[in-house]
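Q: Quick one: structure below, then a few questions.
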Amino acid sequence: MLAYNLQLAWRSLFQRRSLTILMIAAIAIGLGILMTVRTMAYQSRQLPVGERSHDLHLVQMDSRGVEGDEYAQWFEGDAMTYRDARILMNANTSAIRQTYLWKTDVIVSSENEDIQPKRSRTLVGLHNFFTMFEAPFLYGGAWSEDANDNAEPVAVISKRYNDYFFGGENSVGRRLNLGTGVVTVIGVLDDWFLSRNYYDMSFNAARRDDVFIPDSLAIDLNLVRAMQMGCPENEADRASDFAATDIQGLLNSECAWVLFWAELDAASAIADYRDSIEQHMLAQQSFGRYPREKLTYFLTSVAEHMDLVGQFRGREAFLQLMSNLFFAVCLINAIGILLAKFTSKTREIALRLALGARKTTIMTQHLLEVAIIGFLGGCFGLLVSYLGLAGMRSIVVYSSDYAFRAEEIAHAYRLDWTMIGSAFVIAIGSTILVGLYPIWRVCNGNPAQQLKAQ
Amino acid sequence: MLKMVNVSKIYRTELIETHALREVNLEIHEGEFVSVTGPSGSGKTTFLNLTGLLERFEKGEYFLDGQNVQGLKDRQLSKIRNEKIGFVFQSFNLIPDLPIFDNVDVPLRYRGFDAKERRSRIENALATVGLTSRHKHLPTQLSGGQQQRVAIARALAGEPRILLADEPTGNLDSIMARQVMDLLHEINSKGTTIIMVTHDPELASRAQRNIQIFDGVVSEVEPQSADVLIDREVPHSVSV
Numbered sequence: 001m002l003a004y005n006l007q008l009a010w011r012s013l014f015q016r017r018s019l020t021i022l023m024i025a026a027i028a029i030g031l032g033i034l035m036t037v038r039t040m041a042y043q044s045r046q047l048p049v050g051e052r053s054h055d056l057h058l059v060q061m062d063s064r065g066v067e068g069d070e071y072a073q074w075f076e077g078d079a080m081t082y083r084d085a086r087i088l089m090n091a092n093t094s095a096i097r098q099t100y101l102w103k104t105d106v107i108v109s110s111e112n113e114d115i116q117p118k119r120s121r122t123l124v125g126l127h128n129f130f131t132m133f134e135a136p137f138l139y140g141g142a143w144s145e146d147a148n149d150n151a152e153p154v155a156v157i158s159k160r161y162n163d164y165f166f167g168g169e170n171s172v173g174r175r176l177n178l179g180t181g182v183v184t185v186i187g188v189l190d191d192w193f194l195s196r197n198y199y200d201m202s203f204n205a206a207r208r209d210d211v212f213i214p215d216s217l218a219i220d221l222n223l224v225r226a227m228q229m230g231c232p233e234n235e236a237d238r239a240s241d242f243a244a245t246d247i248q249g250l251l252n253s254e255c256a257w258v259l260f261w262a263e264l265d266a267a268s269a270i271a272d273y274r275d276s277i278e279q280h281m282l283a284q285q286s287f288g289r290y291p292r293e294k295l296t297y298f299l300t301s302v303a304e305h306m307d308l309v310g311q312f313r314g315r316e317a318f319l320q321l322m323s324n325l326f327f328a329v330c331l332i333n334a335i336g337i338l339l340a341k342f343t344s345k346t347r348e349i350a351l352r353l354a355l356g357a358r359k360t361t362i363m364t365q366h367l368l369e370v371a372i373i374g375f376l377g378g379c380f381g382l383l384v385s386y387l388g389l390a391g392m393r394s395i396v397v398y399s400s401d402y403a404f405r406a407e408e409i410a411h412a413y414r415l416d417w418t419m420i421g422s423a424f425v426i427a428i429g430s431t432i433l434v435g436l437y438p439i440w441r442v443c444n445g446n447p448a449q450q451l452k453a454q
Numbered sequence: 455m456l457k458m459v460n461v462s463k464i465y466r467t468e469l470i471e472t473h474a475l476r477e478v479n480l481e482i483h484e485g486e487f488v489s490v491t492g493p494s495g496s497g498k499t500t501f502l503n504l505t506g507l508l509e510r511f512e513k514g515e516y517f518l519d520g521q522n523v524q525g526l527k528d529r530q531l532s533k534i535r536n537e538k539i540g541f542v543f544q545s546f547n548l549i550p551d552l553p554i555f556d557n558v559d560v561p562l563r564y565r566g567f568d569a570k571e572r573r574s575r576i577e578n579a580l581a582t583v584g585l586t587s588r589h590k591h592l593p594t595q596l597s598g599g600q601q602q603r604v605a606i607a608r609a610l611a612g613e614p615r616i617l618l619a620d621e622p623t624g625n626l627d628s629i630m631a632r633q634v635m636d637l638l639h640e641i642n643s644k645g646t647t648i649i650m651v652t653h654d655p656e657l658a659s660r661a662q663r664n665i666q667i668f669d670g671v672v673s674e675v676e677p678q679s680a681d682v683l684i685d686r687e688v689p690h691s692v693s694v
């Protein structure tokens, strides 16, 4: 009976074909727009490093003076002082890995004078960075721990820079000018698609770092500190000097400016790490630091950060609301069209009931028809969504003055299998839902009257 | 095979209550050919619909093959309609975009027969009505008489115990009407009970029994006097 019902449902699609096309079009357009917005929201909510997003923790310690209110939330807090970062790096903690990082602006040029130099936002960190944040290498690899300690003039560059300065060849061993210094390329990162640039707390969806160098090298070269300086009152007036020139003063100051990350893979490790932080703060307090009565620190995971970022997406929420409403309007239209289509079949339905069909059989037949319409609406809706996402991506690239390449942000506009599956679930589910009333209505008419009507 | 005891059918709207059938007491035996006559609006079609289990009734009892059908669920009523009752309508009620073969196939599909059994029954039914060669035609490619014969084939394919015909010749010219009537008599001669609603006194007179319905009241008359009450318009609505 199912095969027969399917056959009838399929045949029915071609009766009053214009109504079928209209209905599929309504669902496809509504769903297409809905899925475009949902996909963008979904991709931007993706945890950047999957399950490891629960393991990677930002460490913040409030080393300010007594001025100001207590920090209640992690996002109110500052980064970390360089002194604390170095002490924690050398302490025996429960962390699997630790690293700290900061940013600098530097002019990068190659030995080939025909290639224009580029102003690069450069990430300064430790060798652990690449492992902790799962940066993918195309050529070479990260620098060693020794390079960290000895300020070796090495750098890892992005694929984009490798393409620009070296024509996409394996540039490991080649040289680049970095401000006043010269570095040797020891690694080239492959395309690294992140839903958000989370490790530097910018949460920028597209902008990527192009050069990565060891912390000790950047300190030696006295590269500018492109970071927010959270300095206590007594050092506030020196903040700009700290950022631009006075590196030794900065390293010994109470200004918080480096981002410190710890990888903690279990609840017990997190608890132990908290103990380590508290002991460190108490010890430092005994040396006259941490003057506040209440010692405040935060240990928050990437997953927690992304949760908070999600709460501040007003534009995204508005777009989702509008696309939901538009889809609802399309579905309401579909109800009207379904009613018109099914009402034109009341005589045939009445005849089938008279000839021995059960109501449930007739309802099944029409539910199958509606499900097929939903499926077809889903297929075309995905096509609309694909085009919509391509359009949105082009708008972003255009509005950035082509600062972003389309492929760099493609991941944020990509329909993956989860979204494709959910598109079909939404299309078929909602079409069946809106089809229930028209189906119920035509199946509960009086067959005797309908058969008599001419 | 069919027995009605005090069966009444009332149609209700917000303002009007219409007694379509009043206290019908009737027994029809297996193999009978019964014509039902009466003025327009007297309740003939309602009677046929009740008999065919297409409508429910308010009062009384209706036994079909000894089974009281009142209170049966949709599933059970569908099964009885499918297995025991065949319908022939004045306007044929063929599905226009299905070939003749598939039209006759409709009740058999709901019966759950396998493909071989269905094919055999369809071919036999079409042979009975003389339309074997037209099985691939669409209904619109046939004359009115041929369409009605297809409708009869559809009713016969399930080998029903009882055939209900609602003015089966109403849309046909006299020659085609005679052919259809001959066919119905042939079917009846093989044991199928036929109940036929008609306006035509001549056709009614060819039945073994004639039942007249007047203002919802059923009475039996001699076949030769079947034209007495035909075409008299009688109001039978009662305001409430």
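Protein chains in written order, with my numbering: chain A, 1 to 454; chain B, 455 to 694.
Where a beta carbon is used, it is the ideal one built from N, C-alpha and C, also for glycine.
Ordered along the chain, which non-local residues of its own chain (more than five positions away) have a Cβ less than 6 Å from that of A/Asn222?
A: Here the set comprises Ile247.
Q: Apart from the five residues on each side of it in sequence, which residues of its chain come closer than 8 Å, Cβ to Cβ, to A/Ile29?
A: Excluding residues within five positions, the ones whose Cβ falls inside 8 Å are Cys330, Gly381, Val384.
Q: Quick check on A/Leu13: does DSSP put it in helix, strand or coil?
A: Here A/Leu13 sits in helix by DSSP.
Q: Drop a sphere of 10 angstroms on the beta-carbon of A/Gly32, count the other beta-carbons inside from all chains shown, and report buried for 16 or more, exposed for fewer.
A: When all chains shown are included, A/Gly32 counts as buried.
Q: Out of curiosity, what's the CA-to-CA distance linking A/Ile439 and A/Ile332?
A: Each residue's Cα considered, the two are about 15 Å apart.
Q: Is B/Leu508 close to chain A? Criterion is C-beta to C-beta, closer than 8 Å.
A: Yes, because at least one Cβ of chain A sits closer than 8 Å to the Cβ of B/Leu508.
Q: Quick check on DSSP: helix, strand or coil for A/Tyr437?
A: It is helical.
Q: Using the Cβ count rule (16 or more neighbours within 10 Å means buried), how would you classify B/Pro550?
A: When all chains shown are included, B/Pro550 counts as exposed.
Q: Check whether the stretch 635-650 of chain B touches the stretch 514-524 of chain B, counting contact only when three or more Cβ pairs, one atom from each stretch, lie closer than 8 Å.
A: No, the stretch 635-650 of chain B does not touch the stretch 514-524 of chain B.
Q: Between the stretch 386-409 of chain A and chain C, which residues of the former have a C-beta closer than 9 Å to a C-beta of the latter?
A: Among the protein chains in the structure shown, which are A and B, there is no chain C.
Q: Tell me whether A/Asn170 is buried or exposed, calling it buried when 16 or more other Cβ atoms sit within 10 Å of its Cβ.
A: When all chains shown are included, A/Asn170 counts as exposed.
Q: Can you name the residues that DSSP bridges to A/Ser109?
A: Looking at the DSSP assignment, A/Ser109 forms a beta bridge with A/Asn177.
Q: Counting C-beta neighbours from all protein chains within 10 Å, is the total for B/Val692 16 or more, i.e. buried, or is it exposed?
A: Note that B/Val692 scores a pLDDT of 38, beneath 50, so its modelled location is shaky; the value from the coordinates is reported in the next line. Exposed: under 16 other Cβ atoms inside 10 Å.
Q: If you measure between the beta carbons of A/Ala226 and A/Asp105, is that distance less than 8 Å?
A: Yes. Within cutoff.
Q: Below 8 Å on C-beta distance, what does A/Gly528 contact in chain B?
A: Because chain A spans 1 through 454 in this model, residue 528 of chain A falls outside it and cannot be assessed.
Q: Would you list, in sequence order, the uninterrupted alpha helix (DSSP H) runs of no fewer than 4 residues that lie entirely inside the stretch 141-216 of chain A?
A: Runs found: 145-150, 159-166.
Q: Would you mind reading off the limits of the beta strand (DSSP E) that contains B/Phe511?
A: Where B/Phe511 is concerned, there is no enclosing beta strand (DSSP E), given that its DSSP letter is neither H nor E.
Q: For the 8 Å Cβ check, are there 3 or more pairs between the stretch 184-202 of chain A and the stretch 213-221 of chain A?
A: With a cut-off of 8 Å, the stretch 213-221 of chain A and the stretch 184-202 of chain A do not count as touching, because too few Cβ pairs lie within range.
Q: Please work out which residues of its chain come closer than 6 Å, Cβ to Cβ, to B/Met650, disregarding the five sequence neighbours upstream and downstream, and give them in chain order.
A: Closer than 6 Å at the Cβ level, and outside the excluded window around B/Met650, lie Ser489, Ala619.
Q: Which of the three DSSP states, helix, strand or coil, is assigned to A/Glu304?
A: A/Glu304: helix per DSSP, three-state reduction.
Q: Where do the ends of the beta strand (DSSP E) carrying B/Leu618 lie?
A: Here the beta strand (DSSP E) through B/Leu618 covers 616-620.
Q: Using only CA atoms, which one of A/Ala244, A/Phe375, A/Ala350, A/Asp84 lies nearest to A/Glu278?
A: The shortest C-alpha separation from A/Glu278 is found at A/Asp84.
Q: Please name the residue or residues paired with A/Gln60 in a DSSP beta bridge.
A: Paired residues: A/Phe298.
Q: Just the chain B side, please: which residues come within less than 9 Å of A/Gln15 by C-beta, in chain order?
A: Residues of chain B passing the Cβ test: Asp551.
Q: Does DSSP classify B/Arg663 as helix, strand or coil?
A: B/Arg663: strand per DSSP, three-state reduction.
Q: For a cutoff of 8 Å on Cβ pairs, would you count B/Asn547 as touching chain A?
A: For B/Asn547, the answer is yes, since a Cβ of chain A falls inside 8 Å of its Cβ.
Q: Using a Cβ cut-off of 8 Å (strictly closer), state whether A/Ala448 contacts chain B.
A: Taking Cβ atoms only, chain B reaches closer than 8 Å to A/Ala448, which makes this a yes.
Q: Identify whether A/Met281 lies in helix, strand or coil by the three-state DSSP scheme.
A: In the structure shown, A/Met281 sits in a helix (DSSP, three-state: H, G or I).
Q: Just how far apart, CA to CA, sit A/Val183 and A/Asp191?
A: Each residue's Cα considered, the two are about 22 Å apart.
Q: With distances taken from CA atoms, which of A/Ile428, A/Glu304, A/Ala317 is nearest A/Asp55?
A: Ranking the options by Cα distance to A/Asp55, first place goes to A/Glu304.
Q: Select from the stretch 334-361 of chain A all residues with a C-beta closer than 9 Å to any C-beta belonging to chain B, and list them in chain order.
A: Listed by position, the residues of the stretch 334-361 of chain A near chain B (Cβ gap below 9 Å) are Arg347, Glu348, Ala350, Leu351, Arg352, Leu353, Ala354, Leu355, Gly356, Ala357, Arg358, Lys359, Thr360, Thr361.
Q: In the DSSP assignment, find the unbroken beta strand (DSSP E) run with B/Asn460 in it and report its ends.
A: Note, B/Asn460: beta strand (DSSP E), 456-466.
Q: Would you give the residue range spanned by the alpha helix (DSSP H) that B/Ile534 belongs to?
A: Per DSSP, B/Ile534 belongs to the alpha helix (DSSP H) from 528-538.
Q: DSSP three-state label for A/Asn484, please.
A: Nothing about residue 484 of chain A can be reported from this structure: the residues present for chain A run from 1 to 454 only.
Q: Report the residue from A/Ile96, A/Gln73, A/Val66, A/Ala448 whose alpha carbon sits nearest the alpha carbon of A/Ala269.
A: Per the Cα distances, A/Ile96.
Q: Hey, B/Glu515 and B/Val459 are a contact pair by Cβ (cut 8 Å); roughly how many whole angstroms apart?
A: That belief holds up - the Cβ atoms of B/Glu515 and B/Val459 are roughly 5 Å apart, short of 8 Å.
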